[in-house]
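From first to last, the protein sequence lines are chains C and R. No gaps in the numbering here: position 36 of the first sequence is 238 in the numbering used here, and each next residue is one more. No gaps in the numbering here: position 128 of the second sequence is 1458 in the numbering used here, and each next residue is one more. We put the beta carbon where it would ideally sit given N, CA and C, even for glycine. Only a predicted model underlies this, so the values are computations on that prediction, with no experimental measurement involved. Inspection log for the structure reproduced underneath, given as structure tokens.
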Amino acid sequence: MKIQKVPGNNKKHKVFVYALSTCAWCKKTKQFLKDKDVEYEYVDVDLLSKEDLEKVKNEITSRGAPLQFPLIIIDDKVMITGFREDKINGALA
Amino acid sequence: MTSLEEVRRRAEADAESRGYKLNPDLSFLNDLLEGLKTNEERYGYPSCPCRYATGIFELDKDIICPCDYRDIDVEEFGACYCGLFVSKEVYEGKKKLQPVPERRPGKLIERALSGRITPEYPQEVKKEERITEVVGGMKLWYCKQCGYVVFREEPPYICPICKAKREFFAEIYLSVSAKG
Ligand code: SF4
Ligand SMILES: [Zn+2]
Chain C
203 MKIQKVPGNN KKHKVFVYAL STCAWCKKTK QFLKDKDVEY EYVDVDLLSK EDLEKVKNEI
263 TSRGAPLQFP LIIIDDKVMI TGFREDKING ALA
Chain R
1331 MTSLEEVRRR AEADAESRGY KLNPDLSFLN DLLEGLKTNE ERYGYPSCPC RYATGIFELD
1391 KDIICPCDYR DIDVEEFGAC YCGLFVSKEV YEGKKKLQPV PERRPGKLIE RALSGRITPE
1451 YPQEVKKEER ITEVVGGMKL WYCKQCGYVV FREEPPYICP ICKAKREFFA EIYLSVSAKG
């Protein structure tokens, strides 16, 4: 699967973003993390192969999260759907 | 190929015809229009930039921009799910733009994200639709206020013509006698 890593000096948390390459809220989320110098990984779900898509769908649903983007997962436990600045900030504190 | 300006003009004209505005944040607006353009080039129709599309028309038709959920979302939240279309109040800053919850039914999203979907899938869907038609899943609905007619499983949230609420839609019963 094509997982992209964005380097940053803030490596305090493990941050993963399920995103769409066309989605403006996803772009805002990526930019927000970058501006905060947070290291994170992301995958653009709309660019995946069918097998990887099925995998991602199962990953997301097994976590009990809705199939909506962006989905931000912090330290494998905090899940935030949508670009919610204060929630992301809270989880990254 | 559709130019970004064409996509913008289309969105502007559509917003104007409904009394909406486009998102006042110009760089955000640009990203949304770029997303629509990409999807149009990729799938042949401008599906919602903030939702996963399959590229199979039958499965994406409710999320082709302007999507089926726009009018009710602008009415209720002052913006569509992506925030491309906003109400006048939001545009003028009289109302704060809130995150808009996804209104598209979960079962449609899940179906779209299923890796099992192949280019042959439309045939299966059509088969399914034929069956639901036979058992009465697809219905004809008309707007009691303006007479607008649609053929789908559920009546629209809002009449796209006169903006009457869902309650204004009534089912049309047909009796068909097939010959030969
Ligand atoms: S949510 Fe907005 S941008 Fe997305 S398809 Fe609906 S109307 Fe278009
Ligand atoms: Zn009507």
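For residue i, which residues in chain C fall below 9 Å Cβ to Cβ?
| i | result |
| --- | --- |
| Arg1446(R) | Lys252 and Glu256 |
Taking residue i as the reference, which of the options has the closest Cα?
| i | options | result |
| --- | --- | --- |
| Cys228(C) | Val258(C), Gly292(C), Asp277(C) and Thr283(C) | Thr283(C) |
| Phe1387(R) | Ala1343(R), Asp1398(R), Gly1374(R) and Tyr1399(R) | Gly1374(R) |
| Ala221(C) | Ile275(C), Asp288(C) and Phe271(C) | Phe271(C) |
| Arg1446(R) | Glu253(C), Asp278(C) and Met281(C) | Glu253(C) |
| Asp1483(R) | Phe1499(R), Ala1494(R), Leu1356(R) and Arg1340(R) | According to the sequence provided, residue 1483(R) is Glu. The question's Asp does not apply to it. When each option's Cα is compared against that of Glu1483(R), the closest is Phe1499(R). |
| Lys279(C) | Asp237(C), Glu287(C) and Ser264(C) | Ser264(C) |
| Asp1390(R) | Leu1438(R), Ile1488(R) and Tyr1487(R) | Leu1438(R) |
| Tyr1503(R) | Ile1488(R), Met1468(R), Cys1492(R) and Lys1495(R) | Met1468(R) |
| Asn1353(R) | Ile1488(R), Lys1425(R), Glu1371(R) and Tyr1472(R) | Lys1425(R) |
Run the proximity test for residue i: is its beta-carbon closer than 7 Å to any non-hydrogen atom belonging to ligand 1?
| i | result |
| --- | --- |
| Pro1379(R) | yes |
| Phe1415(R) | yes |
| Tyr1399(R) | yes |
| Tyr1411(R) | yes |
| Leu1362(R) | yes |
| Cys1395(R) | yes |
Check this for me: beta carbons of residue i and residue j, under 8 Å apart or not?
| i | j | result |
| --- | --- | --- |
| Ile275(C) | Val245(C) | no |
| Ala267(C) | Met281(C) | yes |
| Tyr1411(R) | Glu1440(R) | no |
| Thr224(C) | Thr1384(R) | no |
| Phe234(C) | Glu287(C) | yes |
| Ala1298(R) | Phe1415(R) | Residue 1298(R) cannot be examined here, being either before or after the span of chain R that is shown, 1331 to 1510. |
| Leu273(C) | Leu1443(R) | no |
Chain C partners of residue i, CB-CB under 7 Å?
| i | result |
| --- | --- |
| Thr1368(R) | Thr224 |
Against residue i, what residues of chain R qualify as contacts under a CB-to-CB distance less than 7 Å, listed in chain order?
| i | result |
| --- | --- |
| Gly284(C) | Pro1429 |
List the residues of chain R that residue i touches, going by C-beta distances under 9 Å, in chain order.
| i | result |
| --- | --- |
| Lys259(C) | Glu1440, Leu1443, Ser1444 and Gly1445 |
How would you list, in chain order, the residues of chain R whose beta-carbon sits under 8 Å from the beta-carbon of residue i?
| i | result |
| --- | --- |
| Gln206(C) | None at all; the shortest Cβ gap to chain R is about 18 Å. |
Q. Given a limit of 9 Å on CB to CB distance, which residues of the segment 223-247 of chain C reach chain R?
A. Listed by position, the residues of the segment 223-247 of chain C near chain R (Cβ gap below 9 Å) are Ser223, Thr224, Cys225, Ala226, Trp227, Cys228, Lys229, Lys230 and Val247.
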